[in-house]
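Enquirer: Those protein sequence lines, which keep their order, are chains L and H. When we follow the working numbering, the leftmost residue of the first sequence carries the number 6, and every step to the right adds one. When we follow the working numbering, the leftmost residue of the second sequence carries the number 7, and every step to the right adds one. Below is the structure I would like to discuss, written out as structure tokens.
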Amino acid sequence: AQKVTQAQTEISVVEKEDVTLDCVYETRDTTYYLFWYKQPPSGELVFLIRRNSFDEQNEISGRYSWNFQKSTSSFNFTITASQVVDSAVYFCALISTGGGNKLTFGTGTQLKVEL
Amino acid sequence: EAQVTQNPRYLITVTGKKLTVTCSQNMNHEYMSWYRQDPGLGLRQIYYSMNVEVTDKGDVPEGYKVSRKEKRNFPLILESPSPNQTSLYFCASSFQGLAEAFFGQGTRLTVV
């Protein structure tokens, strides 16, 4: 069975603060993929990143960065210098070769960025 | 424009009245799936399809049916909706099962 845990239900920060969203996953497969999706107040789901289990390099995209650590089964997401437009629910998700091609989501973290 | 289109976006219905939520993608993706989103539970997979005429149950398939007669379409059928199926539903497609999924705009269903 595979599982994704996002322990932070809600985070509130003031604009320009850095914020890290935690994601811990469980899988018995050696080949798997991890994802982050953003769900803004308008409701759609926006793909942010896909990372495979063999690539532990951290990734940076503008103000966004991701830290993948297999040793701790974590795939954390950091927003640097947060902005009000970053306010959204963020989901971490996992899919694995042995998991029946099922995308398993965490319960999401609601991020509120205030002025 | 590459997209996944769901209809309707909002639906209020009564218990027991059969309904269909349509989903269509224009990216020639093989893999399609349906999810429901409920507060505190994240998104849970209802059904998925790896190709035409190939479908399988996800985590919460009870009370739902699907069909995949054409590659681009993957409708979700509720034969006898009940109030516990009130939820936000998303259709998704991907190039293959392990690729990133592209989601439709969502369908907010209320069953009274």
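Ideal Cβ positions, reconstructed from N, Cα and C, are used throughout, including at glycine. Quick caveat: nothing in here was measured; it's all calculated off a predicted structure.
Can you tell me which of the three DSSP states residue 71 of chain H falls into?
Expert: strand
Enquirer: If we call anything under 8 Å between Cβ atoms a contact, is residue 94 of chain H one with residue 112 of chain H?
Expert: yes
Enquirer: Quick one: is residue 70 of chain H buried, meaning 16 or more other Cβ sit within 10 Å of its Cβ, or exposed?
Expert: buried
Enquirer: Checking the sheet assignment: what are the DSSP bridge partners for residue 15 of chain L?
Expert: L/115
Enquirer: When the distance is taken between beta carbons, is residue 25 of chain H closer than 8 Å to residue 87 of chain H?
Expert: yes
Enquirer: Assuming residue 113 of chain L contacts residue 94 of chain L (C-beta within less than 8 Å), just tell me the rounded distance between them.
Expert: 5 Å
Enquirer: Looking at the unbroken beta strand (DSSP E) that takes in residue 99 of chain L, where does it start and where does it end?
Expert: 93–101 is the span of the beta strand (DSSP E), which, as asked, contains residue 99 of chain L.
Enquirer: Which of the three DSSP states is assigned to residue 76 of chain L in this structure?
Expert: helix
Enquirer: Using 8 Å as the limit for Cβ to Cβ distance, is residue 9 of chain H near chain L?
Expert: Among the CB atoms of chain L, none fall inside 8 Å of the CB of residue 9 of chain H.
Enquirer: Would you say residue 56 of chain H faces chain L, with C-beta separation under 8 Å as the test?
Expert: yes
Enquirer: To the nearest angstrom, how far is the alpha carbon of residue 16 of chain L from that of residue 59 of chain H?
Expert: 43 Å
Enquirer: What is the DSSP secondary structure of residue 89 of chain L, counted as helix, strand or coil?
Expert: helix
Enquirer: Using the Cα positions of residue 74 of chain H and residue 62 of chain L, report the straight-line distance between them to the nearest angstrom.
Expert: In this structure, the CA atom of residue 74 of chain H is about 38 Å from the CA atom of residue 62 of chain L.
Enquirer: Relative to the alpha-carbon of residue 77 of chain H, which residue among H/39, H/118 and H/43 has its alpha-carbon at the smallest distance?
Expert: When H/39, H/118 and H/43 are compared, the shortest CA-CA separation from residue 77 of chain H is found for H/39.
Enquirer: Got a sec: is the Cβ-Cβ distance from residue 69 of chain L to anything in chain H below 8 Å?
Expert: Judged by the 8 Å Cβ criterion, residue 69 of chain L is not in contact with chain H.
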